[in-house]
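Reading the sequence shown from the start, the letters are residues 1 to 405 in the UniProt record's numbering. Virtual Cβ for every residue (Gly too), placed ideally from N, Cα, C. Below is one structure, written out as structure tokens; comments come after it.
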Amino acid sequence: MEEKYNLLSLDGGGVRGLSSLLILQHLMRQIDRDKPPKPCEVFHLIGGTSTGGLIAIMLGRLHMSVDECIDAYLRLSARIFQNRGNGLVNIAKLGLNIPRFDAAELESAIKDVIAGCGYDEDVLLKDSPGAGCKVSVCAVRDENHGHAVLSSYPPTRGLRNLYDETKIWEACRATSAASTFFEPVTIGRFKERFVDGGLGANNPVQEVWLEAMELFSQGVERFEDRIGCFVSIGTGVPYNRQISANAVSLFKALAYISTDTEQTAARFERERRRLQRDHRYFRWNVNLPAMSEIGLEEEDRLHEIAAATGEYFGRTALNDEVSRCVDQLWNERRKPNPHPSDRIVITNHAHLAKWWEILRPAVCDNYAANSPRRKPSLRSQRKQSSDSFGNMSHPKAHLLKIEVT
Numbered sequence: 001m002e003e004k005y006n007l008l009s010l011d012g013g014g015v016r017g018l019s020s021l022l023i024l025q026h027l028m029r030q031i032d033r034d035k036p037p038k039p040c041e042v043f044h045l046i047g048g049t050s051t052g053g054l055i056a057i058m059l060g061r062l063h064m065s066v067d068e069c070i071d072a073y074l075r076l077s078a079r080i081f082q083n084r085g086n087g088l089v090n091i092a093k094l095g096l097n098i099p100r101f102d103a104a105e106l107e108s109a110i111k112d113v114i115a116g117c118g119y120d121e122d123v124l125l126k127d128s129p130g131a132g133c134k135v136s137v138c139a140v141r142d143e144n145h146g147h148a149v150l151s152s153y154p155p156t157r158g159l160r161n162l163y164d165e166t167k168i169w170e171a172c173r174a175t176s177a178a179s180t181f182f183e184p185v186t187i188g189r190f191k192e193r194f195v196d197g198g199l200g201a202n203n204p205v206q207e208v209w210l211e212a213m214e215l216f217s218q219g220v221e222r223f224e225d226r227i228g229c230f231v232s233i234g235t236g237v238p239y240n241r242q243i244s245a246n247a248v249s250l251f252k253a254l255a256y257i258s259t260d261t262e263q264t265a266a267r268f269e270r271e272r273r274r275l276q277r278d279h280r281y282f283r284w285n286v287n288l289p290a291m292s293e294i295g296l297e298e299e300d301r302l303h304e305i306a307a308a309t310g311e312y313f314g315r316t317a318l319n320d321e322v323s324r325c326v327d328q329l330w331n332e333r334r335k336p337n338p339h340p341s342d343r344i345v346i347t348n349h350a351h352l353a354k355w356w357e358i359l360r361p362a363v364c365d366n367y368a369a370n371s372p373r374r375k376p377s378l379r380s381q382r383k384q385s386s387d388s389f390g391n392m393s394h395p396k397a398h399l400l401k402i403e404v405t
């Protein structure tokens, strides 16, 4: 039987990205209430832009559960947007083309998240060829406003210098460096500058589709037949508050981006009617008035985002949609997924020493029981029985496949 692929697309939207995470949390809990799977165990490709790109990397490349990602997202929002300033100061910065927020604080916060997942803060975005969950994020080149895709897999189009050089924190900065909010980020030996991917594709559904086609369509006559389930999640209705004349141009641009998000969704749905008809494409986006006045940076209104998302999913019709989506997702992913979290990545000798101290007792036990004539190796395969690892303290101590990079 041919393998089918599950895809996840995440819109941009500043702090309203919390809504996307709450929707995804609800979806994972419907799959298994007692032990919700990680998105990287369910989806073959996760793509996003701006806030959605940041979330895509945390879920797909750092292998977080949704709950872990929400915790990290709340910490990031609190640190990044803690000094919003007042209206007059912000308008002055806008007129002088001065970013409102500290890019160094954003960078530091992202690095803390990466380190908290057990990685070196400068680990690359690129992943091993066998990674079961692949990640792509959208960004815009500052020099010519051209569209760029930064990915955890070798590029399907264009040059690969960015693939070989881009660090995780750089990709997070590139996709989330919202215009007027943060300075552009510089990546690689050629010092290419990138800004928020939301300027080019705030709803990346088409970009995720094209990437999936390049990745998974080899030898396939009709690619749509290979899609198990495609989930697209938005961040709420457009930001549409009254603004001063000096800021009209910026907010007109933001309003256009938000409106274009739904236009993009409608266009994709028209082009892929068969996916919708077969209940293999789902789009959720909170469209309640309570979301309409929450700005991209208003982290003190996260409780309102949570309330609006909860109200949105109180609708019976949506519950029916979720049930159909779960059936499609889990039917295609019941077999164990050899996703990237099945290994420990060690990026320097200090990490190697740390992990050897954790794993040495189990490796030696396995050696004594099964391979008395062979020396234990750090590349030992996982034991068929994991009982001897039950008392180990580290959450990844039951994993024995180790990669030194």
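Return helix, strand or coil for residue i, following the three-state DSSP convention.
| i | result |
| --- | --- |
| G116 | helix |
| T51 | helix |
| T186 | strand |
| H279 | coil |
| F43 | coil |
| Y5 | strand |
| G228 | strand |
| residue 406 | Only positions 1 to 405 of the chain appear in the structure, and residue 406 is not among them; the question remains open. |
| R75 | helix |
| E298 | coil |
| V123 | coil |
| K191 | coil |
| A177 | coil |
| R66 | According to the sequence as given, residue 66 is Val; it is not Arg. Looking at V66 - three-state DSSP - the assignment turns out to be helix. |
| K111 | helix |
| R270 | helix |
| S20 | helix |
| R141 | strand |
| A171 | helix |
| L288 | coil |
Here's the rule: buried if 16 or more other CB atoms are within 10 angstroms of the residue's CB, otherwise exposed. What is residue i?
| i | result |
| --- | --- |
| S385 | Model confidence at S385 stands at a pLDDT of 35, short of 50, so the residue's coordinates are unreliable and nothing is read from them. |
| Q328 | buried |
| P289 | exposed |
| F194 | buried |
| D127 | buried |
| L159 | exposed |
| A317 | exposed |
| P129 | exposed |
| E2 | exposed |
| G236 | buried |
Does the distance from the CB of residue i to the CB of residue j come in under 8 Å?
| i | j | result |
| --- | --- | --- |
| Y281 | F230 | yes |
| H147 | C133 | no |
| E297 | V15 | yes |
| G234 | T261 | yes |
| I227 | Y5 | yes |
| A177 | E170 | no |
| P17 | N202 | The sequence as given places Gly at residue 17; Pro does not occur at that position. The answer is no: Cβ separation not under 8 Å. |
| S232 | R283 | yes |
| V205 | K167 | no |
| V326 | Q30 | yes |
| E211 | V149 | yes |
| E165 | R189 | yes |
Can you name, in chain order, every residue of its own chain whose Cβ lies under 7 Å from the Cβ of residue i, other than the five neighbours on each side?
| i | result |
| --- | --- |
| T309 | S19, L22, I23 and V286 |
| I80 | F101, E105, L106 and A109 |
| G53 | V137, C138, T175, S176 and G197 |
| residue 421 | This structure cannot speak to residue 421, because the chain is shown only from 1 to 405. |
| E299 | V15, S77, A78 and F81 |
| H279 | R324 and Q328 |
| P37 | M28 and I31 |
Is the beta carbon of residue i within less than 7 Å of some heavy atom of the ligand NAP?
| i | result |
| --- | --- |
| L329 | Judged by which ligands are present, the structure shown has none, so any question about the ligand NAP falls away. |
Just to confirm my understanding: we take residue i, look at its own chain, exclude 5 residues before and 5 after, and list those with CB closer than 6 Å. What are they?
| i | result |
| --- | --- |
| L62 | C117 |
| R374 | For R374, the pLDDT reaches just 43, beneath the cut-off of 50, and the residue's location in the model is therefore unreliable, leaving the point undetermined. |
| P155 | Y163 |
| S151 | S136 |
| G60 | C40, I46, C133 and V135 |
Grab me the residues of residue i's own chain with a C-beta within less than 8 Å of its C-beta, minus the 5 sequence neighbours each way, in chain order.
| i | result |
| --- | --- |
| A56 | L8, L10, I46, G47, G48, V135, S136 and V137 |
| A72 | M58, M64, V113 and G116 |
| L275 | E224, I227, F230 and Y281 |
| N144 | none |
### Query
Counting pairs of Cβ atoms below 8 Å between the region 38-46 and the region 261-268, do you hit three or more?
Not touching, per the Cβ criterion.
### Task
Would you check if the region 218-236 and the region 62-71 touch, i.e. whether three or more CB-CB distances between them fall below 8 Å?
In short, these stretches do not touch, since the Cβ pair count stays below three.
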